[in-house]
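Peer 1: Numbering (full-length UniProt numbering), first residue to last: 1 to 249.
Submitted below is the structure of interest, expressed as structure tokens.
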Amino acid sequence: MDRQRLSSIAHSHHPVAAPVSGVTINRLLRRADRQPTARVLDLGCGAGAWALQALAHYPDGHADGVDISPYALEQAVGAATERGLADRFTPHRRDARTYVPDGDYDLVLCVGSTHAFGGFGPTLESAGRHVNVDGILLVGEAFWQLPPTPQALAALDVESTEFTDLPGLVDVAERAGWTPVYAHVSDAAEWDDYEWSWVGSLTRWALDNPGHPDAAEALAAAREHRDQWLRGYRDVLGFVTLVLRRNRP
Ligand SMILES: C[S@@+](CC[C@H](N)C(=O)[O-])C[C@H]1O[C@@H](n2cnc3c(N)ncnc32)[C@H](O)[C@@H]1O
1 MDRQRLSSIA
11 HSHHPVAAPV
21 SGVTINRLLR
31 RADRQPTARV
41 LDLGCGAGAW
51 ALQALAHYPD
61 GHADGVDISP
71 YALEQAVGAA
81 TERGLADRFT
91 PHRRDARTYV
101 PDGDYDLVLC
111 VGSTHAFGGF
121 GPTLESAGRH
131 VNVDGILLVG
141 EAFWQLPPTP
151 QALAALDVES
161 TEFTDLPGLV
171 DVAERAGWTP
181 VYAHVSDAAE
191 WDDYEWSWVG
201 SLTRWALDNP
211 GHPDAAEALA
221 AAREHRDQWL
231 RGYRDVLGFV
241 TLVLRRNRP
């Protein structure tokens, strides 16, 4: 089964493709504190939930959403149309690393998509270039909430060096010239809601489409993911969304 399509189904019952609740998204956007005319860029925008919710906060603003997944962008455009935001949201199907902006942005988002740039540090460097001088960079990234266990490393298929702990992540931001003016650490309920939605949406789709050639693979992927989460990284992997400003002019 196409990985992008699988991910799109798995994310169909959760507001964003990250362990962040709708209430938290709004709080983070309030803390970003942009003008009503804000120009917003969402790199790795997925189904566009962050960008579209940002437009709800900035009623005369415009958002560009960049993603490589046609399925995700199709959902983003559908959601924008449904919410009457189609004229204020522009989708760009391309690699976020090669996005050439037309000007700079008041708010640049990259939540759960830092892998597109090769990690948190490179994201600050590349995505940060699109942020105007007084702008905000809002980045969601994983970190080790507890020292990684062998089970967590195996489930995520990563080395322990893939992530730092939370203070280490803030140090990386500071060294790159960015300082948090707010942050939200996802709580256990947000993680559970996100992971059960991921597993549940894929399982439900497979059970509802028993004759589909991808049904068995989807069900197997849901079970494998559930196992990796419950037996592997649950409570070990954390997720923080940082609202960052430049700490030097
Ligand atoms: C975990 S999802 C996060 C989506 C969104 N930010 C959210 O929170 O709902 C990661 C997204 O990054 C996109 N992506 C991965 N590599 C990319 C790249 N090189 N350029 C643009 N998007 C990319 C994927 O297609 C996916 O939609």
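Using N, Cα and C, we set each Cβ at its ideal position, and we do this for glycine too.
All values derive from a computational prediction rather than experimental measurement.
Give every residue of the same chain whose Cβ lies closer than 6 Å to the Cβ of residue 144, excluding the five residues on either side of it in the sequence, and list them in chain order.
Peer 2: If we look at residue 144 and ignore the five residues flanking it on each side, its Cβ neighbours are 163, 165.
Peer 1: Could you please give the first and the last residue of the uninterrupted alpha helix (DSSP H) stretch that includes residue 182?
Peer 2: Run containing residue 182: none in the alpha helix (DSSP H); it sits in the beta strand (DSSP E), 178-185.
Peer 1: Return the chain-ordered ranges of every alpha helix (DSSP H) run that is complete within the segment 125-161 and spans a minimum of 4 residues.
Peer 2: Those alpha helix (DSSP H) runs which fall completely within the segment 125-161 and span 4+ residues are 150-156.
Peer 1: When you compare the CB positions of residue 205 and residue 12, do they come within less than 9 Å of one another, or not?
Peer 2: Yes. Within cutoff.
Peer 1: Give the C-beta separation of residue 247 and residue 174 to the nearest angstrom, bearing in mind that I take them to be a contact with Cβ-Cβ under 8 Å.
Peer 2: About 7 Å; that satisfies the 8 Å criterion.
Peer 1: Using the C-alpha atoms, what's the distance from residue 202 back to residue 209?
Peer 2: Roughly 11 Å between the two C-alpha positions.
Peer 1: When you compare only the Cα positions, how much space is there between residue 169 and residue 100?
Peer 2: Taking the straight line from one Cα to the other gives about 27 Å.
Peer 1: Does ligand 1 have a heavy atom nearer than 8 Å to the CB of residue 62?
Peer 2: Checking every heavy atom of ligand 1 against the Cβ of residue 62, none is found closer than 8 Å.
Peer 1: Under 8 Å by Cβ, that's how I've got residue 80 and residue 97 pegged, so tell me the actual separation to the nearest angstrom.
Peer 2: Not quite, the Cβ-Cβ distance comes to about 24 Å (not below 8 Å), so this is no contact.
Peer 1: Taking residue 39 as the reference, which of 24, 23, 57, 167 has the closest Cα?
Peer 2: For the residues 24, 23, 57, 167, the minimum Cα distance to residue 39 belongs to 57.
Peer 1: Alpha carbon to alpha carbon, how far is residue 102 from residue 126? Give it in angstroms, no decimals.
Peer 2: So the two alpha carbons sit approximately 15 Å from each other.
Peer 1: If you follow the alpha helix (DSSP H) that residue 91 is in, where does it begin and where does it stop?
Peer 2: Careful: residue 91 lies outside any alpha helix (DSSP H), inside the beta strand (DSSP E) at 89-93.
Peer 1: Based on Cα-Cα distance, which residue from 104, 6, 136 lies nearest to residue 110?
Peer 2: When each option's Cα is compared against that of residue 110, the closest is 136.
Peer 1: I'd like to check one pair, residue 185 with residue 239: are the Cβ atoms closer than 9 Å?
Peer 2: Yes, Cβ-Cβ distance for residue 239 and residue 185 is below 9 Å.
Peer 1: On the DSSP bridge assignment, give the partners of residue 105 in chain order.
Peer 2: Residue 105 pairs with 131.
Peer 1: Report yes if the C-beta of residue 43 is less than 8 Å from at least one heavy atom of ligand 1; otherwise report no.
Peer 2: Correct: residue 43 has its Cβ closer than 8 Å to ligand 1.
Peer 1: By the three-class DSSP mapping on this structure, what secondary structure does residue 23 have?
Peer 2: Helix at residue 23.
Peer 1: Considering only their Cβ atoms, is the gap separating residue 245 from residue 134 smaller than 9 Å?
Peer 2: Result yes, Cβ atoms of residue 134 and residue 245 sit closer than 9 Å.
Peer 1: Throw me the rounded Cβ distance for the residue 90 and residue 61 pair, which I believe falls under 8 Å.
Peer 2: Not confirmed; about 12 Å, so no contact.
Peer 1: Do residue 27 and ligand 1 come close, with the Cβ less than 8 Å from some heavy atom?
Peer 2: Flag unset: Cβ of residue 27 not near ligand 1.
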